[in-house]
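S.K.:
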Amino acid sequence: MPKVDAVRLSSELGIDLPQAMLRLRRERHPGETEHDTCLRLIAEEFRRRKHGA
């Protein structure tokens with residue numbers, strides 16, 4: 562069963578589930594939980610969209 566954070570990231574960013582799972586694994590900072598990574602990636606994407614970058 563896919564992890565909840567990967568499903569949420571997939572939904573929020575509009576990417577497929579395997580891609581979301583890879584991003585969570587690849588972009589995780591040391592000491593950061595998978596949930597924290599998910600929230601950080603969503604926030605970063607929101608900031609990028611808001612500022613048109």
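Sequential numbering from 562 applies to the sequence shown in this note's numbering. The beta carbon of each residue, even a glycine, is placed where N, CA and C say it ideally should be.
Evaluate T598 with the Cβ neighbour count: other Cβ atoms within 10 Å of its Cβ, from every protein chain shown; 16 or more gives buried, anything less gives exposed.
M.R.: Along the sequence shown, one-based indexing puts residue 598 at 37. Label assigned to T598: buried.
S.K.: Quick one: give me the first and last residue of the alpha helix (DSSP H) that I603 is part of.
M.R.: One-based indexing of the sequence shown puts residue 603 at position 42. It spans 595 to 611 - the alpha helix (DSSP H) in which I603 sits, taken as one unbroken run.
S.K.: Please report the straight-line C-alpha distance between V568 and D577, rounded to a whole angstrom.
M.R.: One-based indexing of the sequence shown puts residue 568 at position 7. One-based indexing of the sequence shown puts residue 577 at position 16. Distance between the alpha carbons of V568 and D577 is about 9 Å.
S.K.: So, are the CB atoms of E588 and L602 less than 9 Å apart?
M.R.: Numbered from its first residue, the sequence shown carries residue 588 at position 27. Numbered from its first residue, the sequence shown carries residue 602 at position 41. Their beta carbons are under 9 Å apart, which means E588 touches L602 by this criterion.
S.K.: With R615 as the anchor, note down where its alpha helix (DSSP H) starts and where it stops.
M.R.: Any answer about residue 615 is impossible in this case: the structure gives the chain only from 562 up to 614.
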